[in-house]
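Student:
There are 2 protein chains.
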Amino acid sequence: MNKWYSLGVDFGTSSVRALIVDTSTGQEVGTAVSLYPSGKSGMLLDSNQPDLARQHPQDYLDGLVSCVKGAIQDAQNNDVGFSPANIVGIGVDTTGSTPIPMDAGGVPLAFDPRFENRLAAMAWLWKDHTSFEEAAQITAEAADKRPHYLAKCGNVYSSEWFWAKIWHCLKEDPEVFQAAYTWVEHADWIPGLLTGTESPDKLRRCICAAGHKALFHHGWGGYPDVDFLTSLEPALARIRASLPNRAFSIGDLAGELTDEWSNKLGLPAGINVAMGAFDAHFGGVGSGIQKGTLVKILGTTTCDIMTAPLSTELPDIPGLCGIVPESVLPGAYGMEAGQSGVGDIFNWFVEVVRPDKLDHVALTAEAEKLLPGQSGLLAIDWHSGNRTILVDPRLSGLILGLNTHSNPAQIYRALIEATAFGARTIVERFEAYGIKVDRVVNCGGIAAKNQMLLQIYADVLNRPMFLSRSTQTCALGSAMAGAVAAGRKAGGHDTFDEAISAMTGVLDEAFYPVPENVAVYDTLFGLYSQLHDAFGIAGSTSDLSRVMKTLLDVRDQVNKAQPQPKPL
Amino acid sequence: MNKWYSLGVDFGTSSVRALIVDTSTGQEVGTAVSLYPSGKSGMLLDSNQPDLARQHPQDYLDGLVSCVKGAIQDAQNNDVGFSPANIVGIGVDTTGSTPIPMDAGGVPLAFDPRFENRLAAMAWLWKDHTSFEEAAQITAEAADKRPHYLAKCGNVYSSEWFWAKIWHCLKEDPEVFQAAYTWVEHADWIPGLLTGTESPDKLRRCICAAGHKALFHHGWGGYPDVDFLTSLEPALARIRASLPNRAFSIGDLAGELTDEWSNKLGLPAGINVAMGAFDAHFGGVGSGIQKGTLVKILGTTTCDIMTAPLSTELPDIPGLCGIVPESVLPGAYGMEAGQSGVGDIFNWFVEVVRPDKLDHVALTAEAEKLLPGQSGLLAIDWHSGNRTILVDPRLSGLILGLNTHSNPAQIYRALIEATAFGARTIVERFEAYGIKVDRVVNCGGIAAKNQMLLQIYADVLNRPMFLSRSTQTCALGSAMAGAVAAGRKAGGHDTFDEAISAMTGVLDEAFYPVPENVAVYDTLFGLYSQLHDAFGIAGSTSDLSRVMKTLLDVRDQVNKAQPQPKPL
Chain W
372 MNKWYSLGVD
382 FGTSSVRALI
392 VDTSTGQEVG
402 TAVSLYPSGK
412 SGMLLDSNQP
422 DLARQHPQDY
432 LDGLVSCVKG
442 AIQDAQNNDV
452 GFSPANIVGI
462 GVDTTGSTPI
472 PMDAGGVPLA
482 FDPRFENRLA
492 AMAWLWKDHT
502 SFEEAAQITA
512 EAADKRPHYL
522 AKCGNVYSSE
532 WFWAKIWHCL
542 KEDPEVFQAA
552 YTWVEHADWI
562 PGLLTGTESP
572 DKLRRCICAA
582 GHKALFHHGW
592 GGYPDVDFLT
602 SLEPALARIR
612 ASLPNRAFSI
622 GDLAGELTDE
632 WSNKLGLPAG
642 INVAMGAFDA
652 HFGGVGSGIQ
662 KGTLVKILGT
672 TTCDIMTAPL
682 STELPDIPGL
692 CGIVPESVLP
702 GAYGMEAGQS
712 GVGDIFNWFV
722 EVVRPDKLDH
732 VALTAEAEKL
742 LPGQSGLLAI
752 DWHSGNRTIL
762 VDPRLSGLIL
772 GLNTHSNPAQ
782 IYRALIEATA
792 FGARTIVERF
802 EAYGIKVDRV
812 VNCGGIAAKN
822 QMLLQIYADV
832 LNRPMFLSRS
842 TQTCALGSAM
852 AGAVAAGRKA
862 GGHDTFDEAI
872 SAMTGVLDEA
882 FYPVPENVAV
892 YDTLFGLYSQ
902 LHDAFGIAGS
912 TSDLSRVMKT
922 LLDVRDQVNK
932 AQPQPKPL
Chain U
372 MNKWYSLGVD
382 FGTSSVRALI
392 VDTSTGQEVG
402 TAVSLYPSGK
412 SGMLLDSNQP
422 DLARQHPQDY
432 LDGLVSCVKG
442 AIQDAQNNDV
452 GFSPANIVGI
462 GVDTTGSTPI
472 PMDAGGVPLA
482 FDPRFENRLA
492 AMAWLWKDHT
502 SFEEAAQITA
512 EAADKRPHYL
522 AKCGNVYSSE
532 WFWAKIWHCL
542 KEDPEVFQAA
552 YTWVEHADWI
562 PGLLTGTESP
572 DKLRRCICAA
582 GHKALFHHGW
592 GGYPDVDFLT
602 SLEPALARIR
612 ASLPNRAFSI
622 GDLAGELTDE
632 WSNKLGLPAG
642 INVAMGAFDA
652 HFGGVGSGIQ
662 KGTLVKILGT
672 TTCDIMTAPL
682 STELPDIPGL
692 CGIVPESVLP
702 GAYGMEAGQS
712 GVGDIFNWFV
722 EVVRPDKLDH
732 VALTAEAEKL
742 LPGQSGLLAI
752 DWHSGNRTIL
762 VDPRLSGLIL
772 GLNTHSNPAQ
782 IYRALIEATA
792 FGARTIVERF
802 EAYGIKVDRV
812 VNCGGIAAKN
822 QMLLQIYADV
832 LNRPMFLSRS
842 TQTCALGSAM
852 AGAVAAGRKA
862 GGHDTFDEAI
872 SAMTGVLDEA
882 FYPVPENVAV
892 YDTLFGLYSQ
902 LHDAFGIAGS
912 TSDLSRVMKT
922 LLDVRDQVNK
932 AQPQPKPL
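Okay, structure coming up:
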């Protein structure tokens, strides 16, 4: 009996990964990763503009070919039954919103020699916040003229998103803006390219990227109307005219693999390619998302994904970045929240501050020995701003409770705790609006690597933390989309429900809350929330004069409960 | 013609220094330093109680002998005219409040074999804050029953001080408390020992230590009354009974050098020994303090000293730690303010956080290249609490404005700026109560070593920063007291005015404010003040939601004004 496989391609922030999966079992038989060669860890940066982060589209193409070939090789080594001829479908995910300026033929301006050295002609990576002023203007204008637009994206339009970035390009580099016929999300470009549908008249755009991030909603006829865009900036009307009036879910096809790409990748020509999506959404799929399950993709940032059947009466939830029909799965609302910095923050501490030149492993080993509250430290996880629930990039990280004994491990743990408090803030917002979180499934690089973090999350959120069985859920989700794209062909799946039950699962090992820790963290979370609101919400006032004192009281209580070393 | 010399002995936090000075010119002809061997940098610590800091009295005695002999040797090497026989007087300064529990013979309990391993039997170093609860209770009780006590110490009694520490000893180690006949300040013990007057019935206590820190004031008949102390804790009445009703200024004599100590130190027997004082006060004297001059002693902490003639009508100034007649100079009010952590904070960053294992020199070299506001960081200098103007040890350090590019040099500079904002807060408090600051003279280890810091202080305070000519002003001030103790004898000085004009001066090189920097720092100081009041003053409420945004706005403006590197 033949075995059948699907291919998932997952474009991350620093690298692209290919994963080949047995569609009947979810077994991952081959994988490979290619690092982007350009800039710093694949990012083109500007030291005078910490908000800027771009990528070269060529890195995506070179990485794609290299990692797919590597994954095929790896599968051939691991699985005697494997043959690339038995790959039945392809799925693709990318970071986002990562729009790329394109010419009228669907070719990135970065490939045009006139613009090869221009940062504005590159892919505008999700974490680029240079357009914070434009985002704020879009928010203000929409609040005034199109409040229903805002209601679907948590009441604040983000500088991480499509229109703000395009508008900022007009100011940053007008020549690039003028030369761009349209802008295409990275997640749409790759499936378009693989299926020969990359020219703007043919290109299908995914609802995952278009919904809320590009203000697309069937309720108002697709992308925002020309009058609204013109009121922001007349030049945006031209870009609007280049966009279609339809968007597609991952249950839809992008098309069939072209001969050209079949040759480049060593895959069967004509196999189905699914519509693309953002990595986090496919991470949710690869973690077996269902009603009541919160999937947390813990990486550089955190994405928090939930779904609810389209039959649900859903409220608009302030601060929640997006509630979009079919953005995650066909037939369901996708709800997307997230933290702008998680692994980023830990990496900053290890790689930029370089405390005692300790690595993550050494810091974790020391931080694990600490009790909750013992250091007296409290941090806020806003080094890259706050996505949910404040949707505000103009915030920054904070550490307080410092004394002259505060050591690297204590600070490291406080940073991890800060992200846990941020995570709890999101869960509380979901539940405050009636979206019950029955189960939390974690996936992503950090979930696999840092058990201390998961215990802290269990203690802070006072819920068990489950782990997705796969350590590469985004790529797995993409591969599942590839399997569903194959449909009723041999090796395909008819529905995502079927693919989820065949191809996903959670590990037996989970992390459960410890009551003593929960109690201490409840107190610290109260302080975090006070700071969160004081620094994050305009017009809020509160008496913060107990914050430092309460931290010291907690520290002293925790230390008193410990056996004391004897004098001298 | 004979040259005449005096000896100053300066007991610091980690070491003791002896300095031999030509009394007619202020020329420093010989010096030596002895490190205290015990504990960590001379401090006995307890990792579970970061507030605890004790010292072994034996370290003081061993260090005294060693550094005086070293200074004599050094003077003999440097100055052919020098002979120890021409030393005419001795002055002594120490940290404080650093009380030591003593038996009825004036011998420290630390020397009693029963207590040799007991932290409570040691010297309770100025920076020991274990008595924060007792300090708060003294403040509360005095506010209720003796508000005039509080008015002289800035309205808050500190955990750094005499009565709080003694009371805490009763709770920490009742046996030590019971065994102590009295408690003696380090600054009184050494002159007592040198002059054979260390037994409690003979010992003279200096007003510098007794005033405000031990609640001594001629206005209410000396130390606090027994009824008040009994209302705190009946056992304190016994300690009160061991104390005299008189305190002495540095214009007074402790006595004459005993034969025993003359032999131990290699000094002429019978020479006059001045009353001791705290290091900062003598630092003021050694910097040539006079009306309108603020002397800042920049070291582990900062002490800020001013004087005003006794004829002045002085208000009580909230938050100012002490306004005591003759605490600094005879015939003048001494006014003492200070910051609980300055060099301590920089050392924490270099020695505990150890960013990239960079030292002060390397961090300063990078931090110097930054413009004010360019990092977007803002810190609060409360790692060891706040002495002036909040007088609150239950505070902690804070850093905000962090992003994932925030590097060690940026953080280091932000910490220095934080101490500058703390310094400005003190100057503004002086001036708000009519004490005009005409001139700022800096001295102490950091002033001599860190030009960037002085420029930042000039910019933040918008005043020139002058530097004391001597790099060891505390020891110089002690030596000046030794010269005044010699009085009309050959080589002595009749008055401190005479000693100041003969023996002190400022360097020609000073640091002047740069208008662009002043403007940026004015904005940052406004934010610092908002945070200062929000976290430091009970019941204060303010809208902090612009703090992070203003920091980013300032950063962006500063960077826009800079030449930009070209794309890619």
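For the record, the sequence lines run as chains W and U.
For any residue, its number in this note's numbering is found by taking its place in the first sequence, counting from 1, and adding 371.
For any residue, its number in this note's numbering is found by taking its place in the second sequence, counting from 1, and adding 371.
Heads up, the beta-carbon is just placed ideally off N, CA and C, and yes, glycines get one too.
None of the values given here were measured: they were computed from a predicted structure.
1) So with CB distances below 8 Å, who are the chain W contacts of L669/U?
2) Where does H519/W fall in DSSP's three states?
3) Can you give the Cα-Cα distance for D650/W and A850/W, rounded to whole angstroms?
4) By the three-class DSSP mapping on this structure, what secondary structure does N757/W have?
5) If you check the beta carbons only, do G655/W and V666/W fall under 7 Å apart?
6) With C-beta atoms as the reference, is A789/U less than 7 Å away from Y828/U?
7) How big is the Cα-Cα spacing for A522/W and D381/W?
8) Nearest to R617/U by alpha carbon, out of A640/U, A581/U, G693/U, N634/U?
9) Output needed for H427/W: all residues of its chain with C-beta closer than 8 Å, excluding positions within five of it in sequence on either side, in chain order.
10) To be precise: take each residue of the stretch 771-782 of chain W, compare its Cβ to all Cβ atoms of chain U, and keep it if any distance is under 9 Å. Which residues remain?
11) Whole angstroms is fine: what's the gap from T683/U's alpha carbon to E802/U's?
12) On the DSSP letters alone, give me the boundaries of the alpha helix (DSSP H) that I827/U sits inside.
13) In chain order, what residues of the stretch 740-764 of chain U put their CB closer than 7 Å to some CB of chain A?
14) Write down every uninterrupted run of the alpha helix (DSSP H) in the stretch 859-935 of chain W whose length is 4 residues or greater and which is fully enclosed by it, in chain order.
15) For N774/U, does the count of other Cβ atoms within 10 angstroms reach 16, so buried, or fall short, so exposed?
16) Can you tell me whether K937/U is helix, strand or coil according to DSSP?
17) Can you tell me whether K667/W is helix, strand or coil according to DSSP?
18) Please list the terminal residues of the continuous alpha helix (DSSP H) segment that includes Q710/U.
19) Taking C-alpha atoms, which residue in A612/U, H588/U, G434/U lies nearest to D598/U?
20) Could you tell me the alpha carbon to alpha carbon distance between L786/U and A852/U, rounded to whole angstroms?
21) Decide yes or no for the touch test of the stretch 865-883 of chain W against the stretch 706-721 of chain W: beta carbon pairs closer than 8 Å, at least 3 of them.
22) Near L923/U, what residues of its chain come up, given a Cβ to Cβ distance below 7 Å and the 5 sequence neighbours on each side ignored?
23) Determine which residues of the stretch 893-909 of chain W have a Cβ less than 7 Å from any Cβ of chain U, and write them out in chain order.
24) Can you pull the chain U neighbours of L923/W, defined as C-beta to C-beta under 8 Å?
25) Going by C-alpha to C-alpha distance, which of S395/W, G756/W, T664/W sits closest to S530/W?
26) Going by the beta-carbon positions, is the gap between S916/W and A909/U smaller than 7 Å?
27) Since E556/W contacts G477/W with CB under 8 Å, what's their CB separation in whole angstroms?
28) Along chain U, which residues have their Cβ under 9 Å away from the Cβ of W719/W?
29) Could you tell me which whole beta strand (DSSP E) segments of length 3 or greater appear in the stretch 380-409 of chain W?
30) Beta-carbon of R725/U versus every beta-carbon of chain W: anything under 7 Å?
31) From which residue to which residue does the alpha helix (DSSP H) around A331/U run?
32) Please confirm if M919/U has its CB atom under 7 Å from at least one CB of chain W.
33) For G590/U, which of helix, strand or coil comes out of DSSP?
34) Skipping 5 residues on each side, what residues in its chain have a beta carbon closer than 7 Å to that of L603/U?
35) Pull up the distance between the alpha-carbon of A456/W and that of A424/W, whole angstroms please.
36) Counting along the chain, where does the beta strand (DSSP E) carrying V713/W start and finish?
Tutor: Checking against the coordinates, here is how it stands:
1) The contacting residues do not exist; L669/U stays about 16 Å from chain W at best.
2) For H519/W, the three-state secondary structure derived from DSSP is helix.
3) Roughly 12 Å between the two C-alpha positions.
4) Reduced to three states, the DSSP call for N757/W is strand.
5) If you check the CB distance, G655/W and V666/W come in under 7 Å.
6) Between A789/U and Y828/U, the gap from beta carbon to beta carbon reaches 7 Å or more.
7) Roughly 30 Å between the two C-alpha positions.
8) Looking at the Cα atoms, A581/U is the closest of the given residues.
9) Annotation for H427/W: Y407, S409, G410, L415, A481, M493, A494 place their beta carbon closer than 8 Å to its own, counting only its chain and skipping 5 residues before and after.
10) Residues of the stretch 771-782 of chain W whose Cβ lies closer than 9 Å to any Cβ of chain U, in chain order: L771, G772, L773, N774, T775, H776, S777, N778, P779, I782.
11) Each residue's Cα considered, the two are about 15 Å apart.
12) Per DSSP, the continuous alpha helix (DSSP H) segment holding I827/U begins and ends at 822-832.
13) Among the protein chains in the structure shown, which are W and U, there is no chain A.
14) As summarised for the stretch 859-935 of chain W, the continuous alpha helix (DSSP H) elements at least 4 residues long and confined to that stretch are 867-874, 886-907, 918-931, given in chain order.
15) N774/U should be labelled buried.
16) Legend: pLDDT at K937/U = 45, less than 50; position of this residue unreliable, no value from coordinates given.
17) In this structure, K667/W counts as strand in the three-state DSSP scheme.
18) Unbroken run through Q710/U is the beta strand (DSSP E), 703-710; no alpha helix (DSSP H).
19) It is A612/U.
20) So the alpha carbons of these two residues sit roughly 35 Å apart.
21) Contact fails: fewer than three Cβ-Cβ distances are below 8 Å.
22) G747, listed in sequence order.
23) For the stretch 893-909 of chain W, which is checked against every Cβ of chain U, the residues closer than 7 Å are A905, F906, G907, I908, A909.
24) Chain U residues near L923/W: R765, S767.
25) Taking only the C-alpha atoms, the option nearest S530/W is G756/W.
26) Against a cut-off of 7 Å, the Cβ pair of A909/U and S916/W comes out as a contact.
27) The C-beta distance from E556/W to G477/W rounds to 13 Å, too long to meet the 8 Å contact threshold.
28) L773, N774, T775, H776, S777, listed in chain order.
29) Counting only unbroken stretches of 3 or more residues, the beta strand (DSSP E) elements lying wholly within the stretch 380-409 of chain W are 386-393, 399-406, in sequence order.
30) Taking CB atoms only, R725/U has a neighbour in chain W less than 7 Å away.
31) Since the first residue shown for chain U is 372 and the last is 939, residue 331/U is missing from the structure and cannot be characterised.
32) Output row for M919/U: interface = yes.
33) Helix, per DSSP.
34) Cβ neighbours of L603/U beyond the five flanking positions: Q508, I509, E512, W538.
35) Rounded to whole angstroms, the gap between the alpha carbons of A456/W and A424/W is 38 Å.
36) Going by DSSP, V713/W is part of no beta strand (DSSP E) at all; its letter is neither H nor E.
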